[in-house]
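For the record, the sequence lines run as chains A, B, C, D, E and F.
Just so you know, we're using numbering that gives the first Met the number 0 here: the first sequence kicks off at 0 and counts up by one.
Just so you know, we're using numbering that gives the first Met the number 0 here: the second sequence kicks off at 0 and counts up by one.
Just so you know, we're using numbering that gives the first Met the number 0 here: the third sequence kicks off at 0 and counts up by one.
Just so you know, we're using numbering that gives the first Met the number 0 here: the fourth sequence kicks off at 0 and counts up by one.
Just so you know, we're using numbering that gives the first Met the number 0 here: the fifth sequence kicks off at 0 and counts up by one.
Just so you know, we're using numbering that gives the first Met the number 0 here: the sixth sequence kicks off at 0 and counts up by one.
For each residue, glycine too, the CB sits at the ideal point set by N, CA and C.
Here's the structure we're looking at; comments come further down.
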Amino acid sequence: MKKIEAIIKPFKLEDVKNALNQIDIKGLTVSEVRGFGRQKGHKEIYRGAEYEVDFISKVKVEIMVLDEAVDEVISTIQEAAFTGEIGDGKIFILPAEGAIRIRTGERDKDAL
Amino acid sequence: MKKIEAIIKPFKLEDVKNALNQIDIKGLTVSEVRGFGRQKGHKEIYRGAEYEVDFISKVKVEIMVLDEAVDEVISTIQEAAFTGEIGDGKIFILPAEGAIRIRTGERDKDAL
Amino acid sequence: MKKIEAIIKPFKLEDVKNALNQIDIKGLTVSEVRGFGRQKGHKEIYRGAEYEVDFISKVKVEIMVLDEAVDEVISTIQEAAFTGEIGDGKIFILPAEGAIRIRTGERDKDAL
Amino acid sequence: MVNTGDTAFMLISAALVMFMIPGLALFYAGMVRSKNVLDTMMQSFFAIAIVTIIWVLIGYTLAFGPDKWGLIGGLKWFGLNGVGAAPSEYAETIPGLLFMIYQGMFAMITPALITGAFAERMKFSAFVVFTALWSLIVYSPIAHWVWGGGWIGKMGALDFAGGTVVHISSGAAALAAALVIGRRRGYKVEIMHPHNIPMTMLGAGILWFGWFGFNAGSSLGSGSLAGLAFVVTHLSAAAAMIGWVTAEWWKSGKPTALGAASGAVAGLVAATPAAGFIGPISAIGLGFVAGAVCFFAVSLKWRLGYDDSLDVVGVHLVGGTLGALATGLLATKAVNSLGDNGAFFGNPALFGAQAISVVATIAYAFVITVILLKVIDAIMGLRVSGEDEKTGLDLSQHSEAGYALHE
Amino acid sequence: MVNTGDTAFMLISAALVMFMIPGLALFYAGMVRSKNVLDTMMQSFFAIAIVTIIWVLIGYTLAFGPDKWGLIGGLKWFGLNGVGAAPSEYAETIPGLLFMIYQGMFAMITPALITGAFAERMKFSAFVVFTALWSLIVYSPIAHWVWGGGWIGKMGALDFAGGTVVHISSGAAALAAALVIGRRRGYKVEIMHPHNIPMTMLGAGILWFGWFGFNAGSSLGSGSLAGLAFVVTHLSAAAAMIGWVTAEWWKSGKPTALGAASGAVAGLVAATPAAGFIGPISAIGLGFVAGAVCFFAVSLKWRLGYDDSLDVVGVHLVGGTLGALATGLLATKAVNSLGDNGAFFGNPALFGAQAISVVATIAYAFVITVILLKVIDAIMGLRVSGEDEKTGLDLSQHSEAGYALHE
Amino acid sequence: MVNTGDTAFMLISAALVMFMIPGLALFYAGMVRSKNVLDTMMQSFFAIAIVTIIWVLIGYTLAFGPDKWGLIGGLKWFGLNGVGAAPSEYAETIPGLLFMIYQGMFAMITPALITGAFAERMKFSAFVVFTALWSLIVYSPIAHWVWGGGWIGKMGALDFAGGTVVHISSGAAALAAALVIGRRRGYKVEIMHPHNIPMTMLGAGILWFGWFGFNAGSSLGSGSLAGLAFVVTHLSAAAAMIGWVTAEWWKSGKPTALGAASGAVAGLVAATPAAGFIGPISAIGLGFVAGAVCFFAVSLKWRLGYDDSLDVVGVHLVGGTLGALATGLLATKAVNSLGDNGAFFGNPALFGAQAISVVATIAYAFVITVILLKVIDAIMGLRVSGEDEKTGLDLSQHSEAGYALHE
Ligand SMILES: Nc1ncnc2c1ncn2[C@@H]1O[C@H](COP(=O)(O)OP(=O)(O)O)[C@@H](O)[C@H]1O
Ligand SMILES: Nc1ncnc2c1ncn2[C@@H]1O[C@H](COP(=O)(O)OP(=O)(O)O)[C@@H](O)[C@H]1O
Ligand SMILES: Nc1ncnc2c1ncn2[C@@H]1O[C@H](COP(=O)(O)OP(=O)(O)O)[C@@H](O)[C@H]1O
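As structure tokens, this is what we get:
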């Protein structure tokens with residue numbers, strides 16, 4: 000079992016969710032984050048004082064998947080989140096050891 | 000050492016925190032997330048236009064624990080977060096390699 | 000490859016980011032969290048009713064790094080986030096298996 | 000004859016009272032959890048809509064039409080028939096229609112005040128039915144008793160701007176509602192933080208501003224009496240802010256912003272019956288006491304166990320009662336020769352009349368509200384399901400979310 | 000001669016109309032995504048600034064200066080030359096400067112209304128140029144036609160407070176703007192939730208409050224006519240809230256808070272041309288119909304495919320047209336002897352005049368707006384780049400973020 | 000004799016000035032970090048409470064009581080003794096109580112303005128003591144000098160609505176406070192973003208609206224002079240918005256929403272001393288210059304190194320000084336025969352009087368504020384601990400959080 004974490008542009012969330020849905024991913028968890036990376040930040044101005052703000056709004060998508068689904072999930076996200084511009088984001092793969100569905104106590108494969 | 004991540008219903012957070020407290024878990028970290036899963040979303044209506052919104056407010060609880068505590072933590076969360084309805088959430092178990100307390104530099108077991 | 004997660008005090012974020020920058024960390028992801036730990040919470044009062052609130056605003060910083068950079072990253076964060084008071088936070092180390100840059104499809108080392 | 004100065008002041012006063020209702024919506028909505036913010040606001044907004052229609056069609060004539068047995072107004076002005084440019088007997092220097100709509104604003108805000116008691120759990124449909132009926136069966140009669148030529152006014156009790164008519168009636172109804180509908184899920188277990196206190200403070204600011212139209216406007220014209228009512232209102236609010244904050248600073252160790260806002264509102268409530276009848280220094284005393292007393296009153300709910308979500312009882316019932324009784328003590332013809340003297344100025348009879356008016360209003364409003372809610376509950380259900388309550392009323396009752404994900 | 004009561008009322012009315020513009024800013028800003036909240040607000044604020052200067056320098060005299068051919072005012076009052084303490088011919092009991100600034104507030108809010116149509120995608124610089132020119136070329140002439148001695152007024156068409164001048168003109172311009180500038184990226188694909196509905200409701204509350212200055216103030220003095228306009232305005236808004244919410248409850252199964260706020264605004268719009276000419280019961284009917292019709296009108300954009308971001312067409316063009324035509328039916332000298340009778344009161348000619356005024360205003364505002372925008376587009380570009388639109392206009396146009404990270 | 004029109008206008012004007020204070024609370028609170036939002040708002044709210052009580056008991060008579068040596072008012076009206084329905088000598092057509100409370104609103108907002116300088120770090124208890132004493136020792140005397148029969152008024156200096164009394168006094172006190180209390184932790188290191196700019200813009204909108212009561216109301220009656228002051232106020236604000244935004248567009252490359260809001264306030268400040276004395280075209284010039292100059296003035300703090308958190312110095316001290324001096328240039332009896340001519344109209348002496356009044360006010364307010372703060376610091380401490388400052392003042396001073404977790 001793996002945990003996939005994707006950091007994407009916020010306006011791509013609907014696309015990514017729909018694409019994952021089509022490959023039968025039934026669950027995922029999303030959160031608002033701010034990213035710092037190659038994509039350059041922006042200037043903010045408050046009463047004449049200028050600030051270079053490095054952080055950019057991003058969305059983090061977390062998905063627990065079985066090992067065999069990892070490649071498909073990754074390529075699906077990659078495609079759906081792609082714009083070709085700097086700051087499209089990253090996909091990280093982490094090992095995971097188990098999952099439990101609270102409602103039923105089902106474990107691992109059955110819990111997803 | 001493991002990292003436990005639980006996605007639960009927001010109104011269960013107090014219960015889960017208190018239950019974990021009672022089994023002597025001394026630290027945890029919480030964040031607001033939006034989940035997509037079997038629990039069906041809801042309709043939203045803005046000026047007559049209807050939208051099916053798939054995302055539901057959830058809370059993510061993250062806890063670093065020693066291997067020996069994993070089972071107890073899991074069953075405690077499971078019990079405290081349980082309502083029996085779809086959308087009660089998941090518990091994920093991830094391997095972890097270490098922890099450091101910033102203030103003291105203590106490591107691993109001593110850092111939790 | 001490792002994933003470093005640091006839970007720090009919010010007002011230390013700028014310092015941590017700048018310090019990481021100086022050791023050539025080119026990307027990281029930040030989110031708002033609430034922590035529960037040894038640092039005691041605070042009292043809140045609403046119309047005479049007093050509540051003990053255990054959760055404290057923290058910031059979570061997530062950084063994917065190559066194995067060889069782990070130690071430097073950790074000590075950098077430790078130094079930059081340090082105030083010496085309870086609640087300075089934690090650094091967690093998790094194993095990671097890969098990273099992909101969405102824009103280019105580059106993998107692992109090249110994706111960071 | 001219509002006087003342009005009086006009319007100018009009353010036009011703006013009517014607008015100010017109307018503006019209090021969105022102010023109230025904010026005041027209340029800031030104190031609920033974010034999942035109920037829209038339902039809470041919408042109850043106040045929709046109270047405007049419902050009561051406006053009822054008022055112009057029938058409520059006005061029931062309240063201000065020719066007196067029947069001291070209890071209710073006749074149907075002479077049904078559908079505003081005969082209400083127009085000519086001044087009414089109630090206010091001889093402003094157009095009749097203006098008097099009607101000014102009074103209508105009071106009729107609208109009163110049921111909106113009650114909504115704080117059952118916030119976060121009442122079905123919206125039940126709220127609509129309740130508000131319509133309550134306005135007809137509770138508000139109009141009480142307004143008639145006090146201002147429309149009914150028995151309370153005849154008895155000589157004073158209520159300058161609605162201590163009994165508006166605040167005691169809504170406060171007593173709130174107590175009834177909190178008891179009938181029951182506590183929110185998780186009451187006393189979960190922490191139910193106000194989700195946005197700046198919103199509540201803005202609401203308090205708007206209420207304060209609008210209250211000048213409410214109280215000074217109740218002199219029904221521009222002049223010295225309006226000036227007095229304006230000053231009494233402001234002083235009472237300021238002193239009550241200090242009273243509340245001092246009490247809580249002493250009791251809990253901290254002066255709070257929510258306390259400051261709540262105290263100001265308590266002082267405005269207490270000033271309402273008294274505004275045109277007492278002097279400025281009395282107003283400071285009244286306000287300070289009202290602030291401190293209401294602070295202690297709101298904590299009663301924790302001991303007595305009912306869940307009046309946003310403290311309508313502690314602020315409006317208690318503050319209104321205090322103000323009405325204080326009027327019986329502090330009123331003086333020295334400031335308003337058309338008023339009366341209170342007990343402190345040699346006329347204990349006024350205090351008696353005030354006490355009777357308070358008791359009668361509480362009893363009537365409480366009993367009828369209980370009956371009304373029980374009937375509505377039996378027919379259509381008062382309360383949302385447990386699942387809907389947990390989800391929040393914004394999604395479950397309105398399919399809306401107050402706030403969207405940041406983008 | 001200056002009358003203190005009339006002047007008092009008009010001073011406050013002018014202030015109230017000005018306050019509507021920040022109200023509008025909130026009303027609109029709550030409905031956009033958080034990344035565009037400041038740009039949306041700033042467009043309304045900056046419309047005040049731009050139009051104020053243009054109005055006092057030249058706009059006022061173009062609108063209210065001595066009539067030339069029924070089409071435009073002469074330059075007599077250029078730079079406010081000769082406009083001072085003495086009353087103008089338009090309002091003989093208030094200072095001339097006050098009449099000028101009161102009318103100026105209408106001139107300011109009108110282009111601010113249009114901004115809802117092109118929200119979330121127009122370049123700020125293009126907005127500035129557009130607003131300045133539109134005010135001169137579209138607003139001033141139409142105001143002259145209707146109120147300044149021009150052909151529409153002479154024809155006998157009635158517009159009490161700006162149904163054609165303000166709402167139809169801005170609504171027609173909004174349609175033009177939505178068509179010329181094109182849809183937002185992601186329109187119909189992404190969900191574009193209002194980011195903060197409580198903000199929109201507060202905006203609606205402020206608008207309602209200010210609208211009393213707008214409509215009752217349009218009687219240009221304090222008295223019975225102002226009272227009537229006040230009542231008609233309020234009743235129409237309340238009834239329209241019910242109309243809209245009822246329609247959506249029936250259609251989508253839920254009564255929404257955004258619907259209540261939108262309905263109220265629709266009712267205020269519809270009341271605008273009619274306020275001083277129709278009776279209270281007519282106002283209820285007009286409001287209810289306006290609420291329901293505007294509810295259905297806003298959904299037209301989905302079918303017709305244009306992206307009028309915040310429904311200026313559905314609310315202001317449709318609501319204003321409805322109100323203007325209804326005035327041709329419901330007006331009656333029984334409530335205002337200086338008005339006229341409509342078709343329902345034996346004078347179908349009025350309906351004809353109203354219809355002509357509506358059509359002329361729509362045609363003129365639409366055509367000139369299209370031309371203006373095309374020219375501006377050719378010279379400096381109307382629309383931000385795709386990247387800037389995705390980033391949001393707050394960062395890309397203003398280098399600001401509406402909300403900071405919680406600390 | 001009391002005139003209903005004048006009284007109507009002054010009642011509403013008093014209410015409008017009161018409404019400015021919640022507006023100011025929002026204006027300021029939007030600019031602080033979210034952890035300090037409630038403390039910031041509460042300082043403004045509590046200034047109302049404290050100053051109200053002090054004003055009615057003693058402040059009013061110190062300011063407006065019978066003149067003693069040109070420096071202070073006598074105690075004749077201590078505790079409002081003798082202040083009632085009868086007009087005072089200051090305003091012969093409105094009730095004496097109304098003049099008292101109208102002036103009281105000015106006394107309240109002035110110390111509230113100062114709070115922007117020490118926002119995010121002052122102990123609430125120290126703030127309470129400071130505000131009470133400042134009102135007595137600084138505000139009342141200066142008000143007496145200018146308006147109460149004191150030396151500045153006698154010298155012939157003009158201050159229509161409080162350029163010196165309100166804005167220069169609070170601005171000079173703000174500079175003193177920023178210097179004495181020292182910088183916020185992390186000043187110039189951390190980015191201290193405004194946490195909610197829409198809140199600040201709403202605050203600016205309310206301020207603008209209320210300012211009509213402030214400036215036009217300062218004519219103390221309804222009529223042409225009020226009309227002039229209204230127009231001058233509005234034009235100056237609009238022009239200043241353009242001035243500020245143009246300056247920053249040119250300097251930083253972007254027009255900002257916060258700049259628009261700030262510019263408007265700067266223009267309102269600058270108009271305050273001048274409102275009833277200059278013509279409309281002068282107002283546009285004054286406003287434009289004030290907007291641009293204040294834009295550059297706020298950036299001075301970065302160079303000079305003091306931390307005036309919310310730019311009270313740059314906006315109120317600089318804007319007020321500019322307005323007061325400009326009055327010495329631009330005033331003309333052509334618009335107000337009871338005023339005077341300025342240097343541009345042949346009377347350079349007025350400019351001299353204005354300059355003296357500015358310098359005296361700055362010197363007095365600055366010096367006394369420094370002393371006051373040093374004494375308070377010595378006795379009870381001015382500043383919260385470093386830990387409390389990091390945690391935020393809402394939690395540390397009030398045990399409250401402005402915003403709760405989304406639910
Ligand atoms: N090493 C990293 N660890 C964690 N998050 C990262 C890392 N590098 C980048 N990110 C996240 O990915 C986002 C996109 O990265 P960026 O370098 O801007 O563009 P790109 O993905 O096109 O190379 C960043 O905003 C940040 O949130
Ligand atoms: N594969 C997954 N990866 C990550 N999060 C998931 C996954 N599946 C479900 N979740 C999270 O768990 C929540 C509950 O899941 P859901 O399927 O709705 O109900 P249940 O837990 O009762 O099966 C979801 O809202 C989502 O946040
Ligand atoms: N076991 C844990 N798992 C996850 N997060 C933790 C854990 N323990 C502490 N934390 C996080 O670290 C923060 C700081 O911990 P705390 O015990 O208060 O202070 P310190 O780090 O100085 O020991 C907490 O607020 C919480 O967010």
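At a threshold of 7 Å, residue 99(C) does not count as near ligand 1, since its beta carbon sits no closer than that to any of the ligand's heavy atoms. The alpha carbon of residue 166(F) has as its nearest neighbour, out of 9(F), 326(F) and 314(F), the alpha carbon of 314(F).
The chain-ordered list of residues whose CB is nearer than 7 Å to some heavy atom of ligand 3 reads 24(B), 25(B), 26(B), 27(B), 28(B), 61(B), 62(B), 63(B), 64(B), 100(B), 101(B), 102(B), 111(B), 6(C), 32(C), 34(C), 35(C), 36(C), 37(C), 38(C), 55(C), 57(C), 85(C), 86(C), 87(C), 88(C) and 89(C).
In chain order, 149, 150 and 153 place their CB closer than 7 Å to the CB of residue 69(D), counting only its own chain and leaving out the 5 sequence neighbours on each side. The shortest CA-to-CA distance from residue 248(D) to any of 44(C), 25(C), 21(C) and 32(C) is the one to 44(C).
When C-alpha distances from residue 379(D) are compared across 365(D), 121(D), 260(D) and 96(D), the shortest belongs to 121(D).
The contact set of residue 404(E) on chain C, defined by CB atoms closer than 7 Å, consists of 31 in chain order. Note on the stretch 39-100 of chain F: whole alpha helix (DSSP H) runs with a minimum of 4 residues are 59-63, in chain order. If you look at residue 64(B), you'll find it in the beta strand (DSSP E) that goes 55-64. Considering only beta carbons, the part of the stretch 250-261 of chain D lying closer than 8 Å to chain C consists of 250, 251, 253, 255, 257, 258 and 261, in chain order. Looking at the DSSP output, residue 35(B) bridges to 27(A). Distances from the alpha-carbon of residue 282(F) to those of 61(E), 55(E), 405(E) and 162(E) put 55(E) closest. For the options 340(F), 142(F), 342(F) and 258(F), the alpha carbon positioned closest to that of residue 62(F) is the one of 142(F). In chain order, 77 make up the part of chain C whose C-beta sits under 8 Å from the C-beta of residue 104(B). One finds 398 and 399 in chain E with Cβ atoms closer than 7 Å to the Cβ of residue 44(A), taken in chain order. The stretch 42-60 of chain A makes contact with the stretch 3-20 of chain A: 3 or more CB pairs, one atom from each, lie closer than 8 Å. Considering only 198(E), 221(E) and 229(E), the residue with the shortest C-alpha distance to residue 211(E) is 229(E). Taken through DSSP and simplified to helix, strand or coil, residue 1(C) comes out as strand. Per the coordinates, the alpha-carbon of residue 114(D) lies some 8 Å from the alpha-carbon of residue 39(D). Per DSSP, the beta bridge partners of residue 49(C) are 44(C).
Interface with chain B (8 Å Cβ-Cβ cutoff): residue 185(D) is included.
Against chain A, the CB of residue 119(E) has no partner CB under 8 Å away; the residue lies outside that interface.
By the Cβ neighbour-count rule, residue 346(E) is buried, with 16 or more other Cβ atoms within 10 Å of its own. One Cα belongs to residue 227(D), the other to residue 215(F), and the distance between them is close to 22 Å. If you ignore the 5 residues before and after residue 194(E), its C-beta comes within less than 6 Å of the C-beta of 32 and 33, all in its own chain and listed in chain order. Straight-line spacing of the CA atoms in residue 297(F) and residue 25(D) works out to 33 Å. Note on geometry: alpha-carbon atoms of residue 1(D) and residue 98(D) lie some 12 Å from one another.
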